[in-house]
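Report on the following structure.
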Amino acid sequence: MALDEVLSVARKENRTVLTEVEAKNVVLEAGIPVVDTHQAVTKKEAVDIAEALGFPVVVKVASSDFLHKSDIGGVKVNLNSGSEVQTAWDEIMGAAKKANPKASIQGVSVQKMAPQGIEVIIGGTKDPQFGPVLMFGLGGVFVEVLKDVSFRVVPLTRRDARQMIEDIKGFPVLEGYRTQGPADLSALEDAILNTSRLMEQHPEIKELDLNPVFAYSKGILAVDARIILEDR
Ligand code: ADP
Ligand code: MG
Numbered sequence: 124m125a126l127d128e129v130l131s132v133a134r135k136e137n138r139t140v141l142t143e144v145e146a147k148n149v150v151l152e153a154g155i156p157v158v159d160t161h162q163a164v165t166k167k168e169a170v171d172i173a174e175a176l177g178f179p180v181v182v183k184v185a186s187s188d189f190l191h192k193s194d195i196g197g198v199k200v201n202l203n204s205g206s207e208v209q210t211a212w213d214e215i216m217g218a219a220k221k222a223n224p225k226a227s228i229q230g231v232s233v234q235k236m237a238p239q240g241i242e243v244i245i246g247g248t249k250d251p252q253f254g255p256v257l258m259f260g261l262g263g264v265f266v267e268v269l270k271d272v273s274f275r276v277v278p279l280t281r282r283d284a285r286q287m288i289e290d291i292k293g294f295p296v297l298e299g300y301r302t303q304g305p306a307d308l309s310a311l312e313d314a315i316l317n318t319s320r321l322m323e324q325h326p327e328i329k330e331l332d333l334n335p336v337f338a339y340s341k342g343i344l345a346v347d348a349r350i351i352l353e354d355r
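The sequence shown begins at 124 in my numbering and counts up by one.
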């Protein structure tokens, strides 16, 4: 689905928060590899999608009222059968209603369980002075606790993208250590450049978050995506 199409649907429904599936479609179209993800509106649909994708799968709450899905128990990973998907649906709906009884829930997203990689995050925001700015860091504790991130102003060159990766203190993790091989740095550069281009060409994007992206020895895969649009 083209960004313009996603935008017009969101606008028609008066939303500034794209669903995970919408955001992933936009990101995929920008040239960034994304884990295959589909929206399910019913429990049966969730099972059907999971069976079509092949196990294991991940199921996540789909609701613009929960931007941090796992915080409320809205993410179930490594599901290996239709009945596990059914249980995940019930648990997610229960957790979501408990967290916010008034939340509007569109269903769930169902996606392939991606092999574990090194978790990185790529973010885009708007600075009142500099305009669109990109952020890069290692995922999890590195960004949340250590704030080990680097920033560059859009548009970036490939050299900027590379420097952005090398600037973080955790860079040695990406270069490989002990039994863990090096991450595919040129695939990460590509993802940063494509994100830069997306922010540059689409000023209607207020905020973009790929958190996490799994980096492998060959290639990368975004497993979560969030896009927030400017108010009109
Ligand atoms: P949140 O809204 O809490 O950020 P995420 O979609 O990022 O939810 O999921 C939480 C965590 O679950 C991720 O950080 C990642 O470690 C894991 N995860 C999410 N999606 C997948 C997937 N498709 N394959 C493997 N692991 C995943
Ligand atoms: Mg996330």
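Each residue gets a CB set at the ideal place from its N, CA and C atoms; glycine is no exception.
Length of the line joining the Cα atoms of residue i and residue j
| i | j | result |
| --- | --- | --- |
| residue 291 | residue 158 | 26 Å |
| residue 173 | residue 251 | 43 Å |
| residue 203 | residue 264 | 28 Å |
| residue 209 | residue 129 | 29 Å |
| residue 191 | residue 214 | 16 Å |
| residue 177 | residue 222 | 30 Å |
Residue j beta carbon less than 8 Å from that of residue i
| i | j | result |
| --- | --- | --- |
| residue 255 | residue 246 | no |
| residue 306 | residue 241 | yes |
| residue 347 | residue 143 | yes |
| residue 183 | residue 231 | yes |
| residue 149 | residue 345 | no |
| residue 228 | residue 186 | yes |
| residue 277 | residue 259 | no |
| residue 293 | residue 331 | no |
| residue 270 | residue 212 | no |
| residue 249 | residue 135 | no |
| residue 155 | residue 318 | yes |
| residue 89 | residue 233 | What the structure shows of the chain is the stretch from 124 to 355, and residue 89 is not part of that stretch, so it cannot be assessed. |
| residue 257 | residue 288 | no |
Contacts around residue i, its chain only, beta-carbon distance under 6 Å, and the 5 residues preceding and following it disregarded
| i | result |
| --- | --- |
| residue 189 | 195 and 197 |
| residue 147 | 157, 160 and 348 |
| residue 321 | 153 |
| residue 310 | 342 and 343 |
| residue 253 | 276 |
Endpoints, beta strand (DSSP E) assigned at residue i
| i | result |
| --- | --- |
| residue 320 | No beta strand (DSSP E) holds residue 320; the alpha helix (DSSP H) holding it covers 308-324. |
| residue 351 | 348-352 |
| residue 332 | 328-338 |
| residue 274 | 272-276 |
| residue 377 | Outside the displayed range of the chain (124 to 355) lies residue 377, so it cannot be described from this structure. |
| residue 344 | 343-345 |
Cβ-based neighbour list, residue i, same chain, cut-off 8 Å, excluding 5 preceding and 5 following
| i | result |
| --- | --- |
| residue 125 | 152 |
Own chain, CB closer than 7 Å to residue i, minus 5 neighbours either side, in chain order
| i | result |
| --- | --- |
| residue 316 | 279, 281 and 284 |
| residue 200 | 181 and 236 |
| residue 170 | 205, 208 and 209 |
| residue 179 | 201, 202, 203 and 236 |
| residue 296 | 241 and 261 |
| residue 138 | 187 |
| residue 356 | No statement about residue 356 is possible, as the shown extent of the chain runs from 124 to 355 and does not include it. |
| residue 351 | 139, 140, 329 and 330 |
Proximity test, residue i beta-carbon vs the ligand ZN heavy atom, cut-off 7 Å
| i | result |
| --- | --- |
| residue 191 | With respect to the ligand ZN, the structure shown offers nothing to examine, as its ligands consist of the ligand ADP and the ligand MG. |
The alpha helix (DSSP H) enclosing residue i, as first and last residue numbers
| i | result |
| --- | --- |
| residue 135 | 126-135 |
| residue 151 | 143-152 |
| residue 269 | That residue, residue 269, is in no alpha helix (DSSP H); it is neither H nor E in DSSP. |
| residue 297 | 294-298 |
Contact with chain C by residue i, beta-carbon distance below 8 Å
| i | result |
| --- | --- |
| residue 299 | Going by chain labels, chain C is absent from the structure shown, which holds only one protein chain. |
*What are the complete beta strand (DSSP E) segments, minimum 3 residues, inside the stretch 154-179?*
Those beta strand (DSSP E) runs which fall completely within the stretch 154-179 and span 3+ residues are 160-163.
*asked:* In chain order, what are the residue ranges of uninterrupted beta strand (DSSP E) at least 3 long that sit wholly in the stretch 200-264?
replied: You should have 230-235, 241-250 and 254-261.
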